[in-house]
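*Asks:* FYI, in the working numbering the residues of the sequence shown are 1 to 409. The beta carbon of each residue, even a glycine, is placed where N, CA and C say it ideally should be.
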Amino acid sequence: MNPALPARRPTRSRILSCSLALALAACGGGGGGGSSTTSANPASTSLSGTAVDGYLKGATVFLDVNGNGSIDTGEPSALTDDAGRYVLDTSGVGASISGLRVIATGGIDTDTGYAFTGKLAARADSATTGQLISPLTSLVDALVAQGMTADAARARVAEVLGLSVADLASDPVAAIASQPVIYTRQVALQRAVQLVASADVQGSESAHDAQERIYRALAQVVAAQNAPTTVGELVAKVSASQSAAGRELADAIESAVDVALRSPGGHTSAKATLQAMDQVRNEMENGQDYNLAQAASRLDSLKQVAAYRKLTDKSNKAGQSEAVNTVTRTSGSTTALTQPANTKGRLLASNCFQCHGTGGVGGFDKIRGGEAGEVKEFLGKSARGGIMAAHAQGYTSAQLDLIIAYLKQ
Numbered sequence: 001m002n003p004a005l006p007a008r009r010p011t012r013s014r015i016l017s018c019s020l021a022l023a024l025a026a027c028g029g030g031g032g033g034g035s036s037t038t039s040a041n042p043a044s045t046s047l048s049g050t051a052v053d054g055y056l057k058g059a060t061v062f063l064d065v066n067g068n069g070s071i072d073t074g075e076p077s078a079l080t081d082d083a084g085r086y087v088l089d090t091s092g093v094g095a096s097i098s099g100l101r102v103i104a105t106g107g108i109d110t111d112t113g114y115a116f117t118g119k120l121a122a123r124a125d126s127a128t129t130g131q132l133i134s135p136l137t138s139l140v141d142a143l144v145a146q147g148m149t150a151d152a153a154r155a156r157v158a159e160v161l162g163l164s165v166a167d168l169a170s171d172p173v174a175a176i177a178s179q180p181v182i183y184t185r186q187v188a189l190q191r192a193v194q195l196v197a198s199a200d201v202q203g204s205e206s207a208h209d210a211q212e213r214i215y216r217a218l219a220q221v222v223a224a225q226n227a228p229t230t231v232g233e234l235v236a237k238v239s240a241s242q243s244a245a246g247r248e249l250a251d252a253i254e255s256a257v258d259v260a261l262r263s264p265g266g267h268t269s270a271k272a273t274l275q276a277m278d279q280v281r282n283e284m285e286n287g288q289d290y291n292l293a294q295a296a297s298r299l300d301s302l303k304q305v306a307a308y309r310k311l312t313d314k315s316n317k318a319g320q321s322e323a324v325n326t327v328t329r330t331s332g333s334t335t336a337l338t339q340p341a342n343t344k345g346r347l348l349a350s351n352c353f354q355c356h357g358t359g360g361v362g363g364f365d366k367i368r369g370g371e372a373g374e375v376k377e378f379l380g381k382s383a384r385g386g387i388m389a390a391h392a393q394g395y396t397s398a399q400l401d402l403i404i405a406y407l408k409q
């Protein structure tokens, strides 16, 4: 956004809706604490690997020993480093970990600088190193959950998405120069799942539960698919609200990111493009208006640029290329802030920063020190009263107090 031009100030409800949606979606409620390790050198009684959409920094990774999908006391867990790497101490498990789910939530997607609001999973291999957790492994995991063997699930996902089984285990960021399709497929998949899940939350279902349900619905589509296809075409076949919007988003992302990777900026341009596409997705989710073109046009108006609408138009490659250049030039500007003294609510509050900038300053509008206390109003609303109300039902009053206290500093 051109700093010389005044930005339109969003309404208070939109500011709070955006902030809390990100904060609550990423953290998945008040699960119990697990044992933690940050060892950089895995021993024989450990499981190590990488969590990636872009590399997920500061994400919580845990071994789901009891199979309930949540982190529980005693389950091995760790935070990822700057390159998405984790090491889990499995010495206390007392049984083979092969086939158990390894789950990643939260953290920062280092390719966009935004909070990661998804939930990724993989099935632990017999090998104890190199365990990748990604959107593609999450789709494999969903097929295994429906009774398919891990090997058969990998073969099916690879066949349907036009990849190899080896591609599914390859770090998509590391392989971006030699095999960019791994990267474009997975970033489109994750964002389409998050969009459809956001539009299709049922009752008091958490955002993460909704995403897992969409992944499993996609797995059913994959199992029935007889020929290679695109992520968008798979998403369109899911029986869920706004699956058509999910397809449109996935198609636009694959096209725009491919254009970016082929540009002189390469991965740098792809990062800026993903950042912009995430802003469009959040505009759709927070406004509960799933028209891609209209959401992109609103952002063009808000930021006073002519890029977002072109970026989402996959039928106009020249326009996408121009938009890629624009978002690459304008991305990455943040405001440096001093860390507040009270950091107890930082993990929850940091997810507000996707819309509002680091520390709550520099995004759509400043929220740091503002009327953050109003977020608690969502606890008193019906889960069907909007995306914010649905997310708020999974949180305690004390957890929201931590968010509010941090933002008010």
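What residue does the beta strand (DSSP E) around PRO76 start on, and which one ends it?
*Replies:* Here residue 76 corresponds to residue number 76 of the sequence shown, with the count starting at 1. Counting along the chain, the beta strand (DSSP E) containing PRO76 begins and ends at 76 to 79.
*Asks:* In the DSSP assignment, find the unbroken beta strand (DSSP E) run with SER170 in it and report its ends.
*Replies:* Here residue 170 refers to the residue found at position 170 of the sequence shown. Element bounds for SER170: n/a, residue is neither H nor E.
*Asks:* Between which two residues does the beta strand (DSSP E) containing LYS119 stretch?
*Replies:* Residue numbering aside, residue 119 sits at position 119 when the sequence shown is read from its first letter. Taken as a continuous stretch (DSSP letters only), the beta strand (DSSP E) holding LYS119 covers 119 to 123.
*Asks:* First and last residue of the alpha helix (DSSP H) that includes ASP89?
*Replies:* One-based indexing of the sequence shown puts residue 89 at position 89. Element bounds for ASP89: not the alpha helix (DSSP H) but the beta strand (DSSP E), 85 to 89.
*Asks:* Where in the region 241 to 273 do unbroken runs of the alpha helix (DSSP H), each at least 4 residues long, occur, reported from the N-terminal end onward?
*Replies:* For the region 241 to 273, whole alpha helix (DSSP H) runs of length 4 or above, ordered along the chain, are 243 to 262.
*Asks:* DSSP on ALA50, reduced to helix/strand/coil?
*Replies:* Sequence index remark: in the sequence shown, residue 50 carries index 50 (1-based). Note on identity: in this sequence residue 50 is Thr, with Ala being the wrong assignment. Residue state, collapsed to three classes: strand.
*Asks:* For THR312, which residues does DSSP report across the bridge?
*Replies:* The residue given as residue 312 occupies position 312 in the sequence shown. The partner list for THR312 (beta bridge, DSSP) is empty, contrary to what the question assumes.
*Asks:* Provide the residue(s) that pair with ARG281 in DSSP beta bridges, ordered along the chain.
*Replies:* Along the sequence shown, one-based indexing puts residue 281 at 281. In DSSP, ARG281 forms no bridge with anything.
*Asks:* Please confirm whether ALA107 and GLY49 have their CB atoms less than 9 Å apart.
*Replies:* As a first step, residue 107 is located in the sequence shown; it is residue number 107 there, counting from the start. As a first step, residue 49 is located in the sequence shown; it is residue number 49 there, counting from the start. Reading the sequence as shown, one finds Gly at residue 107 and not Ala. Not closer than 9 Å, so no.
*Asks:* Check whether the region 77 to 87 touches the region 140 to 159, taking contact to mean three or more Cβ pairs, one atom from each stretch, closer than 8 Å.
*Replies:* Flag = no, the region 77 to 87 and the region 140 to 159 do not touch.
*Asks:* Pairs of beta-carbons, one from the region 96 to 105 and one from the region 51 to 65, closer than 8 Å: are there three or more?
*Replies:* At 8 Å Cβ cutoff, the stretches touch.
*Asks:* Who pairs with LYS57 in a beta bridge, going by DSSP?
*Replies:* Translated into the one-based positions of the sequence shown, residue 57 becomes position 57. In DSSP, LYS57 forms a bridge with ILE108.
*Asks:* Taking a contact to mean a Cβ-Cβ separation below 9 Å, would you say VAL235 touches VAL193 in this structure?
*Replies:* The residue labelled residue 235 in the question sits at position 235 within the sequence shown. The residue labelled residue 193 in the question sits at position 193 within the sequence shown. Yes, the Cβ-Cβ distance between VAL235 and VAL193 is below 9 Å.
*Asks:* Taking the alpha carbon of ALA260 as the point to measure from, which residue in SER134, ALA174 and LYS271 has its own alpha carbon closest?
*Replies:* Reading the sequence shown from its first residue, position 260 is the one you call residue 260. The shortest C-alpha separation from ALA260 is found at LYS271.
*Asks:* Between which two residues does the alpha helix (DSSP H) harbouring GLN186 extend?
*Replies:* Position 186 of the sequence shown, counted from the start, is the residue given in the question as residue 186. From DSSP, the alpha helix (DSSP H) with GLN186 extends over 180 to 199.
*Asks:* Please return the same chain residues whose Cβ sits closer than 8 Å to the Cβ of VAL140, not counting the five positions on each side in sequence.
*Replies:* By one-based count along the sequence shown, residue 140 stands at place 140. Hits under 8 Å: ALA122, ARG123, ALA150, ALA153, ARG154, VAL157 and LEU168.
*Asks:* Would the beta-carbon of PRO172 fall within 9 Å of that of GLN186?
*Replies:* For the purposes of this step, residue 172 is identified with residue 172 of the sequence shown, where counting begins at 1. For the purposes of this step, residue 186 is identified with residue 186 of the sequence shown, where counting begins at 1. Against a cut-off of 9 Å, the Cβ pair of GLN186 and PRO172 comes out as a contact.
*Asks:* Is it the case that the Cβ atoms of ALA293 and ASP313 are separated by a distance below 9 Å?
*Replies:* As a first step, residue 293 is located in the sequence shown; it is residue number 293 there, counting from the start. As a first step, residue 313 is located in the sequence shown; it is residue number 313 there, counting from the start. Yes, these two residues count as a Cβ contact at 9 Å.
*Asks:* Could you tell me the boundaries of the beta strand (DSSP E) in which ILE133 lies?
*Replies:* Taking the sequence shown and counting its residues from 1, the one referred to as residue 133 is at position 133. Taken as a continuous stretch (DSSP letters only), the beta strand (DSSP E) holding ILE133 covers 131 to 133.
*Asks:* Going by CA-CA distance only, name the one from ASP53, ILE403, GLY118 and ALA306 that's closest to ALA210.
*Replies:* Translated into positions along the sequence shown, residue 210 becomes position 210. That would be GLY118, whose Cα lies nearest to the Cα of ALA210.
*Asks:* Return the Cβ separation of ILE97 and LEU47 in integer angstroms, given the expectation that the two are a contact with Cβ distance under 8 Å.
*Replies:* As a position in the sequence shown, residue 97 is number 97, starting the count at 1. As a position in the sequence shown, residue 47 is number 47, starting the count at 1. Yes, they are in contact, since the Cβ atoms of ILE97 and LEU47 sit about 6 Å apart, within 8 Å.
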